[in-house]
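One structure is given below, encoded as structure tokens.
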Amino acid sequence: MPQITVDYSAELDDTFDRRGFALALHQLVAETVTTKVPNCKTRFRRVEESVVGEAPEGDAIVHISIGLLSGRTPETKLRLTEAVLVLLAGYLKTADDLVVHASAETRELDPSYRKN
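With numbering that gives the first Met the number 0 applied, the sequence shown covers 0 to 115.
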């Protein structure tokens, strides 16, 4: 815990510093929800194809999902989610013609969650 998943469009392969983002994200999460950095785990999933609204092309997506054990207040989860989107901007270097739709959510893990 925390379990973090980042889905991102293939168009961002060369312009998204994923490792740098994950390292900074782990620090941010640890500080915001009072956990330790070594507890943070992030996996990236490259999305080959996505469509946004009616855009014919040129749009990309990044969605960050953070799963936490229960007990955090809605305000803490909101503060984390907003900070994650601000942090993300520093790790995306995109061309002017590429529109990136970024989103994030912080949710509680199911009570059945276990780790080994």
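Each residue gets a CB set at the ideal place from its N, CA and C atoms; glycine is no exception.
Asked: Please determine if the region 34-43 and the region 4-11 are in contact, where contact requires at least 3 C-beta pairs separated by less than 8 Å.; Found: yes
Asked: Would you mind stating whether residue 0 and residue 87 have Cβ atoms separated by less than 8 Å?; Found: no
Asked: With DSSP collapsed to three states, give me the class of residue 47.; Found: coil
Asked: Under 6 Å Cβ to Cβ from residue 83, same chain only, skipping five residues before and after it: list those, please.; Found: 63 and 103
Asked: Take residue 99 as the anchor and find which of 21, 34 and 91 has the nearest alpha-carbon.; Found: 91
Asked: Report buried or exposed for residue 28, applying the criterion of at least 16 other Cβ atoms within 10 angstroms of its Cβ.; Found: buried
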